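> Please see the structure below; I have some questions.
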Amino acid sequence: MSFVMFHSSMTIFYNFPMTPFKEKYVNIIHGYMHPLFNQTWTLFAPNPVNINIKVEAKLAYENEKETNWINFSDIIFEETKNSYLTHYQFYNRVLIQTQNDVVNASESIMLEVKESNNRLLKEHEDLSNTQAFIENLIENDIENFLNNNKSVDTLYKLVYNYFENRNVKGISEIQLRLSSEFFPEYGKSDDSKYRISYLPKLNVKQLVEGG
Numbered sequence: 001m002s003f004v005m006f007h008s009s010m011t012i013f014y015n016f017p018m019t020p021f022k023e024k025y026v027n028i029i030h031g032y033m034h035p036l037f038n039q040t041w042t043l044f045a046p047n048p049v050n051i052n053i054k055v056e057a058k059l060a061y062e063n064e065k066e067t068n069w070i071n072f073s074d075i076i077f078e079e080t081k082n083s084y085l086t087h088y089q090f091y092n093r094v095l096i097q098t099q100n101d102v103v104n105a106s107e108s109i110m111l112e113v114k115e116s117n118n119r120l121l122k123e124h125e126d127l128s129n130t131q132a133f134i135e136n137l138i139e140n141d142i143e144n145f146l147n148n149n150k151s152v153d154t155l156y157k158l159v160y161n162y163f164e165n166r167n168v169k170g171i172s173e174i175q176l177r178l179s180s181e182f183f184p185e186y187g188k189s190d191d192s193k194y195r196i197s198y199l200p201k202l203n204v205k206q207l208v209e210g211g
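Numbering (full-length UniProt numbering), first residue to last: 1 to 211.
Shown next, in the form of structure tokens:
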């Protein structure tokens, strides 16, 4: 709420004619508004128009129950329709940016992780406790995955904070996937093509505590 009030005040002062008060703080006001407008343009138009990407989330609870896949992008879109002056506009902009960054980066990172794991498993195939080694490997992978891809980390925290703020209690794990729809080129009669990219299932402690 405080962010909304601050943003609203800065917007009002920015659009006011020059006054002694505005002149006193003009550098601060312009320093806030100009990057915001530039960023907003970038965030609202990051994709080619022939691709539609949506973030879906699955929540697991401490009682071992889990949800079906929840269309998180649609939830945030519906929230932003209610009012422009809401923190869900911020959610929406970050969501649009991060989901595209994730699509661009996650596949190459996951491939690198997979190749590294195969090599390490081959080197340690004579271990007596292979399962413990694999579990440790996965834990290290996720920590490295988040450290090396801040967009993924941001996306998970965005989803977690949304549900936490909505008083959804007992969340133990979150998994995300990105559903991409590729539309045919203009003038072609091809059907749309779909692709689903799965991201790792994370324990919420890895988000709250950083791994």
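Where is the CB? At the ideal position from N, CA and C, for every residue including glycine. For clarity, every value in this text was computed on a predicted model and none was experimentally measured.
For Asn71, which residues does DSSP report across the bridge?
For the purposes of this step, residue 71 is identified with residue 71 of the sequence shown, where counting begins at 1. In the DSSP output, where bridge partners are listed per residue, Asn71 has Glu56.
> Leaving out five residues on either side along the sequence, give the residues of the same chain with a beta carbon under 6 angstroms from the beta carbon of Trp69.
If you number the sequence shown from 1, residue 69 lands on position 69. Here the set comprises Glu56 and Lys58.
> Here's the rule I'm using: 16 or more other beta-carbon atoms within 10 Å means buried, otherwise exposed. How should Ile171 be labelled?
Sequence index remark: in the sequence shown, residue 171 carries index 171 (1-based). Buried, by the Cβ-count rule.
> For Asp74, is the classification buried or exposed, using 16 other Cβ atoms within 10 angstroms of its Cβ as the cut-off for buried?
Within the sequence shown, the letter at position 74 stands for residue 74. When all chains shown are included, Asp74 counts as exposed.
> Using the beta-carbon count (16 or more within 10 Å), is Tyr160 buried or exposed?
As a first step, residue 160 must be located in the sequence shown, where it is residue number 160. Buried, by the Cβ-count rule.
> Under the rule that 16 or more other beta-carbon atoms within 10 Å means buried, what is Gly204, buried or exposed?
On the sequence shown, position 204 is the one that residue 204 refers to. The residue asked about is misnamed: residue 204 is Val in this sequence, not Gly. So Val204 ends up on the buried side.
> By Cβ distance, which residues of its chain are closer than 6 angstroms to residue 238, with the 5 residues on each side in sequence left out?
Nothing about residue 238 can be reported from this structure: the residues present for the chain run from 1 to 211 only.
> Measuring CA to CA, which of Ser179, Arg195 and Ile174 is closest to Lys201?
On the sequence shown, position 201 is the one that residue 201 refers to. It is Ile174.
> If you run the structure through DSSP and keep just helix, strand and coil, what is Asn203?
For this step, residue 203 is matched to residue 203 along the sequence shown. Three-state DSSP puts Asn203 in a strand.
> Among Ile76, Asn52 and Tyr61, which has the Cα closest to the Cα of Leu155?
On the sequence shown, position 155 is the one that residue 155 refers to. The option with the nearest alpha carbon to Leu155 is Ile76.
> Leaving aside the five residues before and after Ala60 along the sequence, list all residues of the same chain whose C-beta is less than 7 angstroms from its C-beta, in chain order.
Here the question's residue 60 lines up with position 60 in the sequence shown. Within the same chain, Ala60 has close Cβ partners Glu66, Ser172 and Glu173.
> Below 8 angstroms CB to CB, which residues in the same chain sit around Ile196 once its five sequence neighbours on both sides are set aside?
Looking up residue 196 in the sequence shown gives position 196. If we look at Ile196 and ignore the five residues flanking it on each side, its Cβ neighbours are Arg177, Leu178, Ser179 and Ser180.
> Quick one: give me the first and last residue of the beta strand (DSSP E) that Arg177 is part of.
Numbered from 1 along the sequence shown, position 177 holds the residue referred to as residue 177. Start and end: Ile171 to Phe182.
> By Cβ distance below 8 angstroms, which residues in the same chain neighbour Lys193 in space, the five residues on each side in sequence not counted?
Numbered from 1 along the sequence shown, position 193 holds the residue referred to as residue 193. If we look at Lys193 and ignore the five residues flanking it on each side, its Cβ neighbours are Glu181 and Phe182.
> Going along the chain, which residues of its own chain have a beta-carbon closer than 8 angstroms to the beta-carbon of Lys157, five neighbours each way excluded?
Indexing the sequence shown from 1 puts residue 157 at position 157. Here the set comprises Leu207.
> Which same chain residues, not among the five before or five after Asn63, have their C-beta less than 8 angstroms away from its C-beta?
For the purposes of this step, residue 63 is taken as residue 63 along the sequence shown, with counting starting at 1. So the list reads Gly170, once near-sequence residues are dropped.
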